[in-house]
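Top line first, the protein sequences correspond to chains Z and A.
If you want our numbering, it's the 1-based position in the first sequence plus 130.
If you want our numbering, it's the 1-based position in the second sequence plus 130.
We put the CB at the ideal spot given by N, CA and C, even for glycine.
These numbers come from a predicted model, not from an experiment.
There are 2 protein chains.
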Amino acid sequence: MGSMAGSASKRPRRKRAGQYHHGDLRHALIDQALRTILTAGVEGLTLRGVGEALGVSRTALYRHFSDKQALVAAVAREGFRTFRRALVDAWEQQGRGRAGFEAMGEAYLQFAVAHPSHYRVMFGRFMESCARDPELINEATGAFQALLDALVEGQREGWVRQDDPVILARFVWSVTHGIAMLVIDGQLRDSDEAGAALNRYAAERIQAAIAPSL
Amino acid sequence: MGSMAGSASKRPRRKRAGQYHHGDLRHALIDQALRTILTAGVEGLTLRGVGEALGVSRTALYRHFSDKQALVAAVAREGFRTFRRALVDAWEQQGRGRAGFEAMGEAYLQFAVAHPSHYRVMFGRFMESCARDPELINEATGAFQALLDALVEGQREGWVRQDDPVILARFVWSVTHGIAMLVIDGQLRDSDEAGAALNRYAAERIQAAIAPSL
DNA sequence: ACCTGAACACCGTTCAAGT
DNA sequence: ACCTGAACACCGTTCAAGT
């Protein structure tokens, strides 16, 4: 990790001649904020630190974001983007069936465990964040849609009961989100192995819960 | 609400004559911190504000807690205490059967919705909090134990499958915790009704998931 | 023992000013 | 348009000093 993401901070790429420091400061700010959150958590994110790391005044950011929370919301949006991609990839690489559905569940927990601080930013204070970044809701519902699609396909194929797909998806989401939160918040002793074991067991029980009645 | 809790702040109850301001400052600090968290959230909690509300220096607290996080941990511990009581009450008032189990689930969500900030403090950064308050883990496992007991009794009565009770309890906990988090973080549009509906549906699906195989 | 008050090293945000 | 620098109103925490 740490290699992807920001091209902006390496080559200034100034639009015109004699500019200040950056060409795409907005993007660079999001990248730097993400980097900080990944290593130090949201509570370690400081506007002054972000500015300093980018060689820019600590108030330069107010040209691109209304306040700190708006910057955090942008990071959250970026998170939902890669999150959705991870889920869809897992689903499709396993052939979109029952196996794909299970792979999605594994990919879900994997993302949360690999980037706990990012995951927390994405789901914590969601409503307030959406107010600061209306497009965030699109990315978030996009991720939810991946789960929804899988369940609808499961209904067509007959391994998912014919309940309202939305509430069905919310139920499955609750289980996975719950496991993810318990694991990254350290509620399970020996979180590494216990979390994986819980996830395997949950996958089995979820299949039983969402299966057709008889 | 707002009537229970603190007796300490009303009658100073000084141990000896000519004292400063309080008799049980430690307890008063926890009560005041809880009050602030309930109304303004953890991010609205400020040591200076707590001190001011109690008519005490803002550094007086350091005689009773190592730092701010330790105060928050004490509030979390108090939360697990009343949380456990709420769960056990629901369980017992419904006659400790299948109905009691379902009542526990409702009581769970009810607590989270009624005190979202408190719930978040209890479950967020759990490991770090435990380091600041070792007894916190006892109260937390006490709440978990209530769920565990119900499931074991369900196994004896035959409406719960004979899997490892701990992992069974963790699964049920994940669902309920997941729902609670999604609701209080505003991830469901129209959280009030949608949350209750999801909880009802989840109760039904959980019963199916934890039922014996045939 | 218990509490205070000044001091320290931080914050996010505003705003007049520069280019 | 984009960025700066000083200023403002906050933080948690430390520590010598008081009773």
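Contact annotation: in the stretch 293 to 319 of chain Z, residues whose CB is within less than 9 Å of a CB in chain A are ASP293, ASP294, ILE297, LEU298, ARG300, PHE301, TRP303, SER304, VAL305, THR306, HIS307, GLY308, ILE309, ALA310, MET311, LEU312, ASP315, GLY316, GLN317 and LEU318. The Cβ of Z:MET234 sits no closer than 9 Å to any Cβ of chain A. Shown here, Z:GLY185 sits in coil according to DSSP, grouped into three states, outside any helix or strand. In the structure shown, A:GLN337 falls within a helical segment according to DSSP collapsed to helix, strand and coil. Apart from sequence neighbours up to five positions away, the residues of its chain that approach Z:LEU184 with a beta-carbon distance below 6 Å are ALA158 and GLN162, ordered along the chain.
When Cβ pairs closer than 8 Å are counted between the two stretches, the stretch 218 to 237 of chain Z is seen not to touch the stretch 188 to 208 of chain Z, the count staying below three.
Under the Cβ distance rule, Z:PHE213 does not count among the residues neighbouring chain A, no pair being separated by less than 9 Å.
Here A:ALA244 is exposed. Its C-beta has fewer than 16 other C-beta atoms within 10 Å. Under the three-state reduction of DSSP, Z:TRP289 is assigned to coil, being neither helix nor strand. At the C-beta level, A:ALA339 and Z:ALA339 come within 9 Å of one another. Shortest Cα-Cα distance from A:GLY171 to any of A:GLU222, A:ALA206, A:ASP219 and A:HIS307 involves A:ALA206. For a Cβ distance threshold of 7 Å, nothing in chain Z lies close to A:LEU217: the least Cβ distance comes to about 16 Å. The beta carbons of Z:GLY209 and Z:VAL180 sit about 17 Å from each other, so the pair does not count as a contact at 8 Å. Taken in chain order, the complete alpha helix (DSSP H) segments of 4 residues or longer contained in the stretch 152 to 211 of chain Z are 155 to 170 and 177 to 183. For Z:TYR331, the nearest CB of chain A lies under 9 Å from its own CB, placing it at the interface with that chain. Counting along the chain, A:HIS248 sits inside the alpha helix (DSSP H) bounded by residues 246 to 253.
Inter-residue distance for Z:GLU334 and Z:GLN285 is about 17 Å (C-alpha atoms, whole angstroms). Cβ neighbours of Z:LEU298 within its own chain (closer than 8 Å, five residues either side excluded): LEU281, VAL290, ARG291 and ILE340.
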